[in-house]
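Here's the structure, in C-alpha coordinates; my notes come after.
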Amino acid sequence: MFIFCRAGPRHFDCCSAFAATFVMLRGRCFRLVEDLYQSDIYGTDNLLLYFNRLRGFLIRNTTGAQMIAHLGDSHVEVGLYPRLYLSVNNWNHLHFFQRKVSMVPEKNLCSTDPLNQGLHKGIVVHFKQPGCDWKVDRLMVCLPACERVENHWQMTSNVDERALAQNGFGFEASFNEMEYEYYLETHTTTPARFISELGSQCGLFVGGSLMTLIQLFFTVVMFSFGFIRKAYRTYIAVNY
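Numbering-wise (my numbering), the sequence shown opens with residue 1 and increments by one.
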(Lines of atoms letter the chains of each structure in order from A and count residues from 1; the text may use other names and numbers.)
(Lines give C-alpha, C1' and ligand atoms only; values in the text may rest on other atoms or scores of the structure.)
Protein backbone atom coordinates (compact mmCIF):
# COMPACT_ATOMS: atom_id res chain seq x y z
CA MET A 1 0.00 0.00 0.00
CA PHE A 2 2.79 2.46 0.92
CA ILE A 3 5.75 3.50 -1.20
CA PHE A 4 7.47 5.81 1.30
CA CYS A 5 6.65 8.19 4.13
CA ARG A 6 8.62 11.23 5.20
CA ALA A 7 8.25 14.09 7.69
CA GLY A 8 10.52 16.87 6.53
CA PRO A 9 13.98 15.34 6.01
CA ARG A 10 13.20 12.27 8.16
CA HIS A 11 12.00 9.02 6.62
CA PHE A 12 9.90 6.78 8.87
CA ASP A 13 8.22 3.40 8.70
CA CYS A 14 4.77 3.80 7.16
CA CYS A 15 3.34 0.65 8.73
CA SER A 16 4.21 1.77 12.25
CA ALA A 17 2.78 5.26 11.64
CA PHE A 18 -0.65 4.06 10.47
CA ALA A 19 -3.21 2.00 12.38
CA ALA A 20 -6.28 0.23 11.05
CA THR A 21 -9.64 1.84 11.80
CA PHE A 22 -13.13 2.02 10.37
CA VAL A 23 -14.94 4.88 8.66
CA MET A 24 -18.71 5.19 8.93
CA LEU A 25 -20.49 3.76 5.87
CA ARG A 26 -17.12 3.09 4.20
CA GLY A 27 -15.29 0.28 5.90
CA ARG A 28 -11.71 -0.41 6.89
CA CYS A 29 -9.15 2.35 6.42
CA PHE A 30 -5.80 3.36 7.90
CA ARG A 31 -5.38 6.31 10.21
CA LEU A 32 -2.25 8.24 11.07
CA VAL A 33 -1.18 7.64 14.67
CA GLU A 34 -1.56 10.47 17.19
CA ASP A 35 2.08 10.69 18.31
CA LEU A 36 3.29 12.08 14.98
CA TYR A 37 3.43 15.87 15.20
CA GLN A 38 4.67 18.71 13.04
CA SER A 39 7.66 20.29 14.74
CA ASP A 40 8.52 23.13 12.36
CA ILE A 41 6.88 25.57 9.98
CA TYR A 42 5.66 24.87 6.46
CA GLY A 43 8.40 23.95 4.03
CA THR A 44 10.75 22.33 6.53
CA ASP A 45 8.62 19.67 8.25
CA ASN A 46 5.91 18.74 5.74
CA LEU A 47 4.30 15.31 5.86
CA LEU A 48 5.00 13.52 2.54
CA LEU A 49 3.19 10.30 1.68
CA TYR A 50 3.26 8.15 -1.44
CA PHE A 51 0.67 5.39 -1.85
CA ASN A 52 0.63 2.51 -4.29
CA ARG A 53 -2.20 1.99 -6.71
CA LEU A 54 -4.32 -0.75 -5.14
CA ARG A 55 -6.07 -3.46 -7.08
CA GLY A 56 -9.84 -3.46 -6.97
CA PHE A 57 -11.75 -6.06 -4.96
CA LEU A 58 -14.45 -6.60 -7.58
CA ILE A 59 -12.30 -6.56 -10.72
CA ARG A 60 -8.91 -7.99 -9.82
CA ASN A 61 -7.05 -6.99 -12.97
CA THR A 62 -7.67 -3.23 -12.55
CA THR A 63 -6.25 -0.60 -10.24
CA GLY A 64 -8.04 2.36 -8.73
CA ALA A 65 -7.61 5.73 -10.40
CA GLN A 66 -8.51 7.60 -7.21
CA MET A 67 -7.91 7.34 -3.50
CA ILE A 68 -10.10 8.83 -0.77
CA ALA A 69 -8.51 10.64 2.18
CA HIS A 70 -10.77 11.32 5.16
CA LEU A 71 -9.85 14.23 7.41
CA GLY A 72 -10.33 13.50 11.11
CA ASP A 73 -9.80 15.44 14.32
CA SER A 74 -8.78 14.72 17.91
CA HIS A 75 -11.67 12.27 18.40
CA VAL A 76 -11.13 8.58 17.71
CA GLU A 77 -14.01 8.36 15.23
CA VAL A 78 -13.60 9.12 11.54
CA GLY A 79 -16.69 10.50 9.84
CA LEU A 80 -17.77 10.26 6.24
CA TYR A 81 -17.06 13.96 5.76
CA PRO A 82 -14.85 15.84 5.20
CA ARG A 83 -13.01 13.81 2.59
CA LEU A 84 -10.70 14.40 -0.37
CA TYR A 85 -10.30 12.54 -3.65
CA LEU A 86 -6.69 12.02 -4.69
CA SER A 87 -6.04 11.34 -8.37
CA VAL A 88 -3.19 9.29 -9.73
CA ASN A 89 -0.29 11.16 -11.35
CA ASN A 90 -1.17 14.26 -9.30
CA TRP A 91 0.80 15.84 -6.49
CA ASN A 92 -1.68 17.06 -3.86
CA HIS A 93 -0.75 19.89 -1.48
CA LEU A 94 -2.92 20.23 1.61
CA HIS A 95 -2.43 23.29 3.84
CA PHE A 96 -4.10 23.26 7.25
CA PHE A 97 -4.90 26.07 9.63
CA GLN A 98 -6.50 25.54 13.02
CA ARG A 99 -9.15 27.61 14.74
CA LYS A 100 -10.23 27.41 18.38
CA VAL A 101 -13.73 28.71 19.15
CA SER A 102 -15.18 29.59 22.56
CA MET A 103 -18.85 30.62 22.42
CA VAL A 104 -21.20 31.91 25.09
CA PRO A 105 -23.61 29.03 25.86
CA GLU A 106 -26.59 31.32 26.56
CA LYS A 107 -27.82 32.00 23.03
CA ASN A 108 -28.92 28.44 22.10
CA LEU A 109 -26.43 28.50 19.23
CA CYS A 110 -24.08 25.94 20.74
CA SER A 111 -24.25 23.05 23.16
CA THR A 112 -22.38 21.98 26.27
CA ASP A 113 -24.01 18.53 26.20
CA PRO A 114 -21.38 15.74 26.17
CA LEU A 115 -23.42 13.99 23.45
CA ASN A 116 -22.41 16.71 21.02
CA GLN A 117 -18.69 16.20 21.63
CA GLY A 118 -17.59 14.03 18.72
CA LEU A 119 -19.26 11.51 16.42
CA HIS A 120 -19.06 8.55 18.79
CA LYS A 121 -20.96 10.21 21.63
CA GLY A 122 -23.43 11.94 19.32
CA ILE A 123 -24.37 8.98 17.13
CA VAL A 124 -23.06 5.64 18.36
CA VAL A 125 -23.91 6.08 22.04
CA HIS A 126 -27.32 7.55 21.23
CA PHE A 127 -28.46 4.68 19.03
CA LYS A 128 -27.08 2.03 21.38
CA GLN A 129 -29.42 3.10 24.16
CA PRO A 130 -31.60 0.22 25.42
CA GLY A 131 -35.22 0.33 24.33
CA CYS A 132 -34.59 2.70 21.43
CA ASP A 133 -37.50 2.17 19.06
CA TRP A 134 -37.69 3.96 15.72
CA LYS A 135 -41.42 4.52 16.23
CA VAL A 136 -41.00 6.58 19.40
CA ASP A 137 -37.46 7.86 19.11
CA ARG A 138 -37.15 11.62 18.66
CA LEU A 139 -34.92 13.29 16.12
CA MET A 140 -32.18 15.23 17.88
CA VAL A 141 -31.08 18.65 16.71
CA CYS A 142 -27.30 18.66 16.95
CA LEU A 143 -25.60 21.92 17.80
CA PRO A 144 -21.86 22.61 17.62
CA ALA A 145 -19.95 22.42 20.86
CA CYS A 146 -19.39 25.73 22.65
CA GLU A 147 -15.74 24.82 23.17
CA ARG A 148 -14.34 23.29 19.99
CA VAL A 149 -11.31 23.15 17.71
CA GLU A 150 -11.88 23.43 13.97
CA ASN A 151 -9.40 22.35 11.32
CA HIS A 152 -9.71 24.15 8.01
CA TRP A 153 -7.70 23.42 4.89
CA GLN A 154 -6.89 24.51 1.38
CA MET A 155 -5.87 22.01 -1.27
CA THR A 156 -4.04 22.48 -4.55
CA SER A 157 -3.16 19.78 -7.11
CA ASN A 158 -0.79 19.70 -10.03
CA VAL A 159 0.52 17.08 -12.42
CA ASP A 160 3.46 15.09 -11.06
CA GLU A 161 6.08 14.29 -13.68
CA ARG A 162 8.30 12.14 -11.48
CA ALA A 163 8.70 8.40 -11.95
CA LEU A 164 6.80 7.57 -8.77
CA ALA A 165 3.74 9.36 -10.13
CA GLN A 166 3.12 6.49 -12.52
CA ASN A 167 2.76 4.07 -9.63
CA GLY A 168 0.68 5.85 -7.03
CA PHE A 169 -0.65 8.92 -5.30
CA GLY A 170 1.43 11.75 -3.90
CA PHE A 171 0.20 13.61 -0.85
CA GLU A 172 1.73 16.49 1.13
CA ALA A 173 0.19 18.04 4.25
CA SER A 174 1.28 20.62 6.80
CA PHE A 175 0.16 23.55 8.89
CA ASN A 176 1.27 26.87 7.45
CA GLU A 177 2.31 28.28 10.82
CA MET A 178 2.91 26.75 14.24
CA GLU A 179 -0.01 28.68 15.71
CA TYR A 180 -3.80 28.74 15.66
CA GLU A 181 -6.54 31.36 15.53
CA TYR A 182 -8.52 31.91 18.72
CA TYR A 183 -12.09 33.25 18.57
CA LEU A 184 -13.59 34.18 21.94
CA GLU A 185 -17.21 35.29 22.24
CA THR A 186 -17.81 37.64 25.18
CA HIS A 187 -20.51 39.94 26.48
CA THR A 188 -20.01 43.53 25.34
CA THR A 189 -21.32 44.81 28.69
CA THR A 190 -23.08 43.74 31.90
CA PRO A 191 -25.47 45.64 34.19
CA ALA A 192 -22.74 46.30 36.74
CA ARG A 193 -20.30 47.38 34.06
CA PHE A 194 -22.94 49.61 32.44
CA ILE A 195 -23.56 51.42 35.76
CA SER A 196 -19.83 51.79 36.30
CA GLU A 197 -19.27 53.18 32.81
CA LEU A 198 -22.25 55.53 33.13
CA GLY A 199 -20.95 56.89 36.40
CA SER A 200 -17.46 57.38 35.02
CA GLN A 201 -18.76 59.14 31.92
CA CYS A 202 -20.96 61.47 33.97
CA GLY A 203 -18.08 62.27 36.29
CA LEU A 204 -15.86 63.05 33.31
CA PHE A 205 -18.15 65.29 31.28
CA VAL A 206 -20.81 66.65 33.67
CA GLY A 207 -18.86 66.95 36.87
CA GLY A 208 -21.19 64.60 38.72
CA SER A 209 -21.66 60.92 39.32
CA LEU A 210 -24.44 58.39 39.17
CA MET A 211 -25.34 59.03 42.82
CA THR A 212 -25.59 62.75 42.01
CA LEU A 213 -28.11 61.99 39.26
CA ILE A 214 -30.13 59.73 41.57
CA GLN A 215 -30.16 62.37 44.29
CA LEU A 216 -31.25 65.04 41.77
CA PHE A 217 -34.04 62.78 40.55
CA PHE A 218 -35.40 62.23 44.07
CA THR A 219 -35.13 65.99 44.77
CA VAL A 220 -37.25 66.78 41.71
CA VAL A 221 -39.82 64.14 42.69
CA MET A 222 -40.10 65.42 46.27
CA PHE A 223 -40.38 69.06 45.08
CA SER A 224 -43.07 68.13 42.56
CA PHE A 225 -45.01 66.15 45.18
CA GLY A 226 -44.88 69.03 47.66
CA PHE A 227 -45.97 71.56 45.02
CA ILE A 228 -48.92 69.41 43.92
CA ARG A 229 -50.00 68.79 47.51
CA LYS A 230 -49.90 72.51 48.35
CA ALA A 231 -51.90 73.43 45.22
CA TYR A 232 -54.47 70.76 46.04
CA ARG A 233 -54.99 72.07 49.56
CA THR A 234 -55.17 75.67 48.40
CA TYR A 235 -57.50 75.49 45.40
CA ILE A 236 -59.30 72.13 45.44
CA ALA A 237 -59.72 70.92 49.00
CA VAL A 238 -62.91 72.12 50.81
CA ASN A 239 -62.70 73.09 54.50
CA TYR A 240 -65.65 72.17 56.77
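Glycine residues also receive a C-beta, built at the ideal position from the N, C-alpha and C atoms.
The structure presented is a predicted model; accordingly, all values stated were derived computationally and were not measured.
Inset, instruction - Note the first and the last residue of the continuous alpha helix (DSSP H) segment covering SER16. - result: 14–17
Legend entry - Proximal residues to ASN92 (C-beta, below 6 Å), its chain only, five neighbours per side dropped: LEU86, SER157, PHE171
Legend entry - Best match in PHE2, MET103, TYR81 for proximity to SER16 [C-alpha to C-alpha]: PHE2
Legend entry - Straight-line gap, PHE22 to LEU109 (C-alpha atoms, nearest Å): 31 Å
Legend entry - Buried or exposed by the 16-neighbour rule on C-beta atoms within 10 Å, applied to LEU49: buried
Legend entry - Backbone secondary structure at ALA243 - three-state DSSP: With the chain covering only 1 through 240, there is no way to say anything about residue 243.
Legend entry - Where the beta strand (DSSP E) containing ASN92 begins and where it ends: 90–102
Inset, instruction - With DSSP as the reference, label TYR235 as helix, strand or coil. - result: helix
Legend entry - Contact under 8 Å by Cβ, ALA20 with ARG26: no
Legend entry - Cα-Cα separation between PHE218 and TYR235, rounded to whole angstroms: 26 Å
Inset, instruction - Give the DSSP bridge partners of HIS11, in chain order. - result: ARG6
Inset, instruction - Would you tell me roughly how many angstroms separate the C-alpha atoms of GLY226 and PRO191, rounded to the nearest one? - result: 33 Å
Inset, instruction - Return the CA-CA distance between LEU94 and PHE194, expressed in angstroms with no decimal places. - result: 47 Å
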